[in-house]
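One structure below.
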Amino acid sequence: MTDLEIRKDIIETARRMLEKGLVQGTGGNFSVRCEEGFIITPSGMDYATLTPGDLPKLSPGGAVLEGERRPSIEKELHREVYIARRDVCAVVHTHSVYATAAAAMRLPLPVLTDNQAVMFGGPVPVAEYAPIGTPELARGTARALGDGAGVLMANHGALCVGATLREAAQRCEMLEIFAKIFFLTKSCGGGVCLTAEQAGSEAADLAERYGQR
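Each residue of the sequence shown is one higher than the last, beginning at 1 in UniProt numbering.
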């Protein structure tokens with residue numbers, strides 16, 4: 001994809017996430033890896049009015065290579081993930097309601113459905129709390145994410161990654177659904193979690209049998 005195509009894709013994705021309630025106002029941030037570094041949403045701007053020129057391009061070190069807008073306050077968060085994970089080409093950070101509520105509990109999101117086992121491989125971990133936009137938050141979140149697909153950020157929100165922006169965004173959508181299922185089962189006395197063996201088996205099986213080849 002060209003840089004222009006990346007910027008348009010980010011804007012369209014951000015607007016869809018806003019419509020679905022996965023981000024609110026100017027909250028959350030989106031980025032995609034590119035040849036020179038990564039392109040990210042600007043700080044504090046309305047997704048509905050963004051134009052491609054509003055999205056800055058940053059170097060792997062975090063320096064602004066293109067654009068007049070200030071990058072997201074969470075640029076270090078995205079940068080740390082890209083440094084740690086060469087397989088990741090897109091990062092989406094949301095403040096969706098149920099996932100954020102789960103993050104406020106500071107407990108890993110248990111595997112209550114086989115779908116979660118397939119998508120996330122097991123419980124979704126929680127990164128330690130750190131102030132917004134700080135290096136500590138960036139490093140802690142990247143560390144808690146490890147080689148997984150998503151992570152909760154204590155008292156803050158959620159982050160998902162993917163080989164594409166579509167994949168990272170879909171994971172954020174599903175994470176919100178899994179968090180909602182968690183609270184629904186908890187309100188009824190608690191659900192029965194899949195064992196690590198069951199979760200691993202489901203993930204391996206569906207990786208072979210589900211989808212097109």
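Cβ atoms here follow ideal geometry from the backbone N, Cα and C, with glycine treated the same way.
Keep in mind it's a predicted model, so treat the numbers as computed, not measured.
Nonlocal neighbours in the same chain, by C-beta distance under 8 Å from residue i, ignoring five residues either side
{"i": "Glu-202", "result": "Asp-114, Ala-117, Val-118, Leu-194"}
{"i": "Gly-200", "result": "Ala-117, Gly-121, Gly-122"}
{"i": "Gly-67", "result": "Pro-42, Gly-53, Asp-54, Leu-55, Pro-56, Lys-57"}
{"i": "Val-64", "result": "Pro-56, Lys-57, Leu-58, Pro-71"}
{"i": "Ile-132", "result": "Ile-73, Glu-74, His-156"}
{"i": "Gly-190", "result": "none"}
Proximal residues to residue i (C-beta, below 7 Å), its chain only, five neighbours per side dropped
{"i": "Asp-46", "result": "Thr-26"}
{"i": "Ile-10", "result": "Phe-30, Val-32, Ile-39, Thr-41, Leu-55, Leu-165"}
{"i": "Ala-102", "result": "Leu-109, Leu-152, Ala-179, Phe-182"}
{"i": "Thr-49", "result": "none"}
{"i": "Pro-135", "result": "Glu-76"}
{"i": "Arg-139", "result": "Glu-80"}
{"i": "Ala-168", "result": "Ala-90, Val-91, Val-92, Cys-160, Val-161, Gly-162"}
Distance between residue j and residue i (C-alpha atoms, nearest Å)
{"i": "Glu-176", "j": "Ala-99", "result": "5 Å"}
{"i": "Ala-196", "j": "Met-174", "result": "20 Å"}
{"i": "Arg-69", "j": "Lys-180", "result": "36 Å"}
{"i": "Glu-35", "j": "Tyr-82", "result": "12 Å"}
{"i": "Lys-20", "j": "Ser-59", "result": "31 Å"}
{"i": "Val-151", "j": "Leu-112", "result": "16 Å"}
{"i": "Lys-75", "j": "Gly-62", "result": "7 Å"}
{"i": "Pro-110", "j": "Phe-182", "result": "8 Å"}
{"i": "Arg-85", "j": "Gly-148", "result": "10 Å"}
{"i": "Asp-87", "j": "Gln-198", "result": "26 Å"}
{"i": "residue 271", "j": "Thr-2", "result": "Only positions 1 to 213 of the chain appear in the structure, and residue 271 is not among them; the question remains open."}
{"i": "Val-192", "j": "Ala-104", "result": "22 Å"}
{"i": "Arg-7", "j": "Val-97", "result": "26 Å"}
{"i": "Thr-51", "j": "Cys-188", "result": "46 Å"}
Status (buried if at least 16 other CB within 10 Å, exposed otherwise) for residue i
{"i": "Asp-205", "result": "exposed"}
{"i": "Thr-13", "result": "buried"}
{"i": "Gly-53", "result": "exposed"}
{"i": "Thr-141", "result": "buried"}
{"i": "Ser-72", "result": "buried"}
{"i": "Leu-184", "result": "exposed"}
{"i": "Gly-28", "result": "buried"}
{"i": "Leu-4", "result": "exposed"}
Sequence-distant residues of the same chain with beta carbon closer than 6 Å to residue i, five excluded per side
{"i": "Ser-31", "result": "Phe-38, Ile-40, His-78, Val-91"}
{"i": "Met-17", "result": "Val-23"}
{"i": "Cys-89", "result": "Arg-33, Ala-163"}
{"i": "Tyr-129", "result": "Ala-154, Asn-155"}
{"i": "residue 214", "result": "Summary: the structure shown does not reach residue 214, with the chain confined to residues 1 through 213, and so no result is reported for it."}
{"i": "Leu-137", "result": "Ala-130"}
{"i": "Arg-15", "result": "Tyr-47"}
Nearest-angstrom beta carbon gap, residue j and residue i [assumed within contact, 8 Å]
{"i": "Met-95", "j": "Gly-157", "result": "Just to set this straight, residue 95 is His in the shown sequence, not Met. With a Cβ gap of about 4 Å, His-95 and Gly-157 count as contacting."}
{"i": "Cys-160", "j": "Arg-143", "result": "Their Cβ separation, rounded to whole angstroms, is 16 Å, which puts Cys-160 and Arg-143 out of contact at 8 Å."}
{"i": "Arg-106", "j": "Val-126", "result": "5 Å"}
Residue i at chain E interface by Cβ criterion, 8 Å
{"i": "Lys-20", "result": "Of the protein chains in the structure, only one exists, and it is not chain E."}
* Asked: Considering only residues of the region 157–195, which uninterrupted beta strand (DSSP E) runs meet the minimum length of 3 residues and lie entirely inside it, listed in chain order?
  -> 157–162
* 3-residue-minimum beta strand (DSSP E) runs that sit fully inside the region 69–102, ordered along the chain -> Every beta strand (DSSP E) of 3 residues or more that sits fully in the region 69–102 is shown, in chain order, as 90–94.
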